[in-house]
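Positions in the sequence shown are counted from 1; adding 396 to them yields this note's numbering. A short write-up of the structure that comes next.
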Amino acid sequence: MKRTSTSETRVFVYGTLLSGEPNHNLLHGARLVGPARTRPRFTLHDYGPFPALASGGKHAVEGEVYEVDAPMLAELDRLESHPRFYRRTPITLDDVGRLEAYLFPKERLAAREEEFYLPLSPSSSREMWRSSPPQSPWEAKACRTSSACTGDSFSWTPEILAVEVRGTTEDLLSAYGQAAAHQLFATKTYLALPHTLSFSDKRELMARCQLHGLGLILFGPSPRDEYTALVPARRCPPAPAEAQRFSEQLRAHDEEKFRTLFG
397 MKRTSTSETR VFVYGTLLSG EPNHNLLHGA RLVGPARTRP RFTLHDYGPF
447 PALASGGKHA VEGEVYEVDA PMLAELDRLE SHPRFYRRTP ITLDDVGRLE
497 AYLFPKERLA AREEEFYLPL SPSSSREMWR SSPPQSPWEA KACRTSSACT
547 GDSFSWTPEI LAVEVRGTTE DLLSAYGQAA AHQLFATKTY LALPHTLSFS
597 DKRELMARCQ LHGLGLILFG PSPRDEYTAL VPARRCPPAP AEAQRFSEQL
647 RAHDEEKFRT LFG
């Protein structure tokens, strides 16, 4: 790993850390070495808000190289959740030499989206699946749990678990509104957002979710990654009659919003 005389570390960045991108402010004060390109030995995977650079492949990926001090490197580690999500790994660039880059572990690339939902299931004896096909790698409307354990003496009533999953942190008001609408039909409802959610938005959403009984989850770029449950969802019986009245009133008042919420 190449270091300067002041013990700064050279880091190759891409994605949201580039100039003009949302997380570039974390590099304020760092010296820009210049634009750079990897050797054609990588693949840049698209996870919506999470570009993931992985070793192996035939692509040369463009980015920028910065010299950062130890505190700034620690901030970058926290942003990239090293080593849980991305892993800071030494690589070599032509004309720059040995430096650090945040790579996505190859073993996580094959993770199935369904694996993200499994930990939300109340117990290992229950099965969970999506009620509608995803529109994108991180998009889903709702999940449903049903009991797989029945016996002669007792049985469990099937329950609805709704998860509003968003691949970006944009339009949070709409995301929260749709999650709240799911409560009319679900026993428990979660709002799942990327872990890049800002501190101020996180604080406000936590307060709103606690007030209204919604669960709040932050996740990483792969369904197999560790996720953080910030607010547990409260168990509330669905209200189908109220849901019917609400949907009818909404449709009469605003057809477009009705179609957005209920399809």
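Using N, Cα and C, we set each Cβ at its ideal position, and we do this for glycine too.
Alpha-carbon spacing of residue i relative to residue j, whole angstroms
i, j, result
"Y586", "Y572", "10 Å"
"V461", "L612", "35 Å"
"K598", "R433", "34 Å"
"R494", "T485", "10 Å"
"L589", "R474", "17 Å"
"T696", "Q574", "Examination of residue 696 is not possible in this model, given that the chain is present from 397 through 659 alone."
"R562", "V492", "38 Å"
"V409", "F595", "22 Å"
"W525", "R483", "In this prediction, W525 has a pLDDT of 32, which is less than 50 and means its spatial position is unreliable; what the coordinates show is noted afterwards. Cα-Cα distance, rounded: 31 Å."
"E471", "L423", "9 Å"
"G459", "G411", "8 Å"
"R382", "L580", "In the structure as shown, the chain starts at 397 and stops at 659, and residue 382 therefore has no counterpart that could be examined."
"P633", "N419", "40 Å"
"F615", "D442", "16 Å"
"I556", "N421", "41 Å"
"K653", "L593", "25 Å"
"K454", "D490", "16 Å"
"V464", "E496", "11 Å"
"S643", "H649", "10 Å"
"R631", "R437", "49 Å"
"G435", "A450", "Here residue 435 is Arg; the residue named in the question, Gly, does not match the sequence. Using only the alpha carbons, I get a separation of about 12 Å."
"Y623", "M468", "24 Å"
"L568", "P479", "28 Å"
"G416", "Q645", "44 Å"
"E566", "R647", "25 Å"
"R427", "L601", "35 Å"
"E651", "A466", "54 Å"
"S570", "T564", "12 Å"
Status (buried if at least 16 other CB within 10 Å, exposed otherwise) for residue i
i, result
"E476", "buried"
"T406", "Thr is not the amino acid found at residue 406; the sequence shown has Arg there. Buried."
"L607", "exposed"
"E560", "buried"
"G452", "exposed"
"E511", "Any reading at E511 needs caution, since the residue's pLDDT is 48, under 50, leaving its predicted position unreliable; the model's value is listed next. It counts as exposed."
"T583", "buried"
"H591", "buried"
Nearest residue (CA-CA) to residue i, options the options
i, options, result
"A488", "L499, C605, R562, Q574", "According to the sequence as given, residue 488 is Thr; it is not Ala. Among L499, C605, R562, Q574, the Cα nearest to that of T488 is on L499."
"A448", "F481, E566, R562, H608", "F481"
"L440", "L601, A582, K502", "K502"
"A603", "F615, L626, K584, F581", "L626"
"G425", "S570, E404, C632", "E404"
"P431", "G452, V457, G453", "V457"
"V429", "L414, L610, P467", "L414"
"L610", "E600, A629, T624", "A629"
"H578", "T564, A558, E417", "A558"
"A576", "C605, E566, T565, A466", "C605"
According to DSSP, residues forming a beta bridge with residue i
i, result
"V559", "Y586"
"P486", "E496"
"L610", "Answer by DSSP bridge pairing: none, since L610 is not bridged."
"A625", "I613"
Closer than 8 Å to chain D by CB, residue i
i, result
"R630", "Given the protein chain composition of this structure (a single chain), no chain D is represented."
| field | Every unbroken beta strand (DSSP E) inside the region 411 to 475 [3 residues or more] | value | Runs of beta strand (DSSP E) with 3 or more residues, each lying fully within the region 411 to 475, are found at 427 to 433, 438 to 443, 446 to 451, 458 to 464, listed in chain order.
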